[in-house]
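Just below is one structure, and these are the notes that go with it.
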């Protein structure tokens, strides 16, 4: 039609742009004006069009005979979509997929609530038969995780209260440490608000650990007061004496728990954010609990505790009737155990050389234990959805991709545990870029607890899905777990870029990438390693014969304009519709751009005004080339994406990929990690430097507290064993040494020192009172056994909910719980026997050193006296 009336696409675009414009017509009578008019009137006219019919009335050509050609005569005008590059489905039904991303610095939960409210309001105006579904909401996982942690918090509190009640045998002594829990938590929340720390999963983890820590100081106070009351003192006198005995120990333990986290405040990157959340939460709660134990707890002891042999009230009588028999049996057993323990300690101290050899063997075992546990970064988690990336052969049309997308989505919706199936054809699942031969399917899962009850964890669903999609031969289907930290990468697994640093070209880059892919997919710990780098994408090269075009008097710009408008969908201008502004675009009808040869039949205008087919000046060639070229760190690069086989750690996968790169990359090529793998490698061996620094800070703090290096050394020598037993627990449960494990290491440093302080502090006091160091150490062990076990078991039992966690986010809670549970259990057991040995041996060494220094000083003093006497005699002789 356009050729028949002598029009080109350039004419059409130009006329639409001229006749569909935004117009400000002006004002009648607007100053400045000579005469003073009575009115001032705005002039309006129709500039920008709104209706399809109005566009159809645009005159695109007028003839000499007065006849006009309108746009509707040569074009089909419709109100369509702005973009046809993607096709979306929800549970097999056509849908419009809207991906909403959170702005930096905003609260995800608040944003999700606003989206829900907005969609509910919009739904009121949806036409009949149209609805909406929030198929996946990541904040559901966040809220479930927080709810699970709160549940863990409640269970931990109950277990800690029961532990205290078991050891203290009454509601009066039990309520004193328990009061420290809410006061410490409320103070912690206030401080978190002050420092800008949000109440998130990590800070709540810190609170769970803090529950077992904040009662420790109050337990020590109450237990010591109870012991002194049993010796015949009144509650007030017992409280005064107890605070004299344990006050400095409480301050020392608090300083240790704060000092141990000081180095973590300087850890950079993502690892630092993890450490700092725990550091602030535990350090603040510990400081508040110590303040309570030094002020409120003694006051409550003096007020609530009863003197020895005093008459019980009704509540005390009820407790005695119900549990008295158990408490008496427990006390007899504990006294018997305490005497046996003291006897064993006395023998161990006598054979201190053997004990130190055993300790040395444990240190060696600690060093080698790190080699048996694979390294990791952040545990993979069941976040409630799975990403399926689909890729057809290069050059495949969107229609072919759409068919495969629907098939994959249908398979996914039938998998047990999948709640919804969202398919988007035309969107790459690995790069999230527009690609006609790629698609992505999101599979939101059912509630985690319900699936866990049926044994349908995310790994089981992924295994079933991989088995089902293996029958699809038309495309490559990759199952991608979500990233462990939202916002860092498009998916889980790892991502490496192979870089052409020497300018070898894309052919060489492609060859190296193919070699890496082949080698990587042969490795047992790696699965579904793939690359999005393609250099063989079918293309059509339109070779314009510029010389011939000039000879035929065809402007080159007209040729490019025809190609651009017919094939490329050119933006013309805008139009108004339903109170909003939308785009006007121009494009050829599908039948004129369906086959490559259609390009040759397209027509343009020469400078003489004649219509010329593009085939007269354009030659088509079928070629192949890259669909896109990525530069990473300024170098041309190809990505390598992959996942880790269940049973292997991410650290092992990264090490395998690095080894393959070192073996197979030729000179001039390098590699770099990105996304979560980059964060893992950046974290590196942080714990190797962080743990010694934490121990050093503790040692310096204790040295300042005791003005000695002997006592701090006797305290911290037990610390390395917490690593050994934490690693043993992690290995036994088949976990890896990740950032949560390492946070547990730092917490254990403070807790291990806390137990040792109670023994060393009391032994030093007994030795200062006149006892020999051997007897002082044995008495300290016997008298401090009860508070040590109380504080240790209040923490150990308090982390059991983490140890056996279920529900959303259980993977992280189990790792942390396993590390601190096994580490605290082991270091408590061995610390009870080795700490007195360290104390006696080091005090003996200090005594010998001091004795040697005293002898040397005495000898020097005697020599000085002889010299003085000799000098005096000489002086006398001279005077005579």
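Numbering (our numbering), first residue to last: -6 to 873. Glycine included, C-beta positions come from ideal geometry on N, C-alpha and C. Values in this document were obtained by computation on a predicted structure and should not be read as measured data.
The distance from the Cβ of residue 383 to that of residue 435 is about 12 angstroms, inconsistent with a contact at the 8 angstroms cut-off. Between the alpha carbons of residue 19 and residue 38 lies a distance of about 10 angstroms. Nearest to residue 47 by alpha-carbon distance, out of 662, 9 and 445, is 9. Straight through space, the alpha carbons of residue 700 and residue 688 are spaced by roughly 17 angstroms. Closest in C-alpha terms to residue 522, from the list 62, 509 and 531, comes 509. Within its own chain, the residues whose Cβ lies closer than 7 angstroms to the Cβ of residue 286, once the five positions on either side in sequence are excluded, are 173, 210, 211, 214 and 243, listed in chain order. Residue 359: member of the alpha helix (DSSP H) spanning 345 to 362, first to last residue.
Note: residue 416 is bridge-paired with 82 and 434 in the DSSP secondary-structure output.
When DSSP assignments are scanned along the stretch 171 to 227, the uninterrupted stretches of alpha helix (DSSP H) that are 4 or more residues long and fall wholly within it turn out to be 194 to 223. When DSSP states are grouped into helix, strand and coil, residue 656 belongs to the helix group. Your pair residue 791 and residue 152 checks out as a contact, with CB atoms roughly 6 angstroms apart and the cut at 8 angstroms. Around the C-beta of residue 490, 16 or more other C-beta atoms lie within 10 Å, and the residue is accordingly described as buried. Cβ-Cβ separation between residue 454 and residue 410: approximately 5 angstroms, consistent with a contact (criterion under 8 angstroms). In this structure, residue 6 sits away from residue 396, with a CB-CB distance that is not shorter than 7 angstroms. Proximity to residue 274 across 96, 181, 228 and 340 peaks at 181, based on C-alpha coordinates. Less than 7 angstroms divides the Cβ of residue 766 from the Cβ of residue 836. DSSP places residue 724 in the helix class (H, G or I) of the three-state scheme. Counting of Cβ neighbours within 10 angstroms places residue 350 among the exposed residues, the total staying below 16.
In this structure, residue 639 sits near residue 452, with a CB-CB distance shorter than 7 angstroms. Taken atom to atom, the span from the alpha-carbon of residue 484 to that of residue 288 is near 51 angstroms. In the three-state reduction of the DSSP assignment, residue 34 falls in the strand class. Put simply, the backbone Cα of residue 822 is about 10 angstroms away from that of residue 782. A check of alpha carbon separations from residue 74 across 682, 577 and 718 identifies 577 as the nearest.
Cβ-Cβ distances below 7 angstroms link residue 84 to 406, 413 and 414 in the same chain, with the five nearest sequence neighbours on each side left out; the list follows chain order. Per the coordinates, the alpha-carbon of residue 33 lies some 38 angstroms from the alpha-carbon of residue 61. Beyond the five residues adjoining it in sequence on each side, residue 586 comes within less than 7 angstroms, by CB distance, of 559 and 560 in the same chain, given in chain order. When only Cα atoms are considered, residue 13 and residue 82 end up about 36 angstroms apart. With a cutoff of 7 angstroms on beta-carbon distance, residue 261 and residue 371 are scored as not near each other. Nearest to residue 179 by alpha-carbon distance, out of 203, 166 and 164, is 203. Judged by pairs of C-beta atoms under 8 angstroms, the stretch 811 to 828 touches the stretch 714 to 734, as three or more such pairs exist. In the DSSP assignment, residue 395 falls within the alpha helix (DSSP H) that extends over 391 to 406. DSSP, reduced to helix, strand and coil, places residue 702 outside both helices and strands of the structure shown, so it counts as coil.
Residue 358 and residue 724 have their C-alpha atoms some 14 angstroms from each other.
By the CB criterion at 7 angstroms, residue -4 and residue 479 fall outside the cutoff. Spatial neighbours of residue 736 in its own chain (CB-CB distance under 6 angstroms, excluding positions within 5 residues in sequence) are listed in chain order as 271. The Cβ neighbour count for residue 840, taken over all protein chains shown within 10 Å, is under 16; the residue is labelled exposed.
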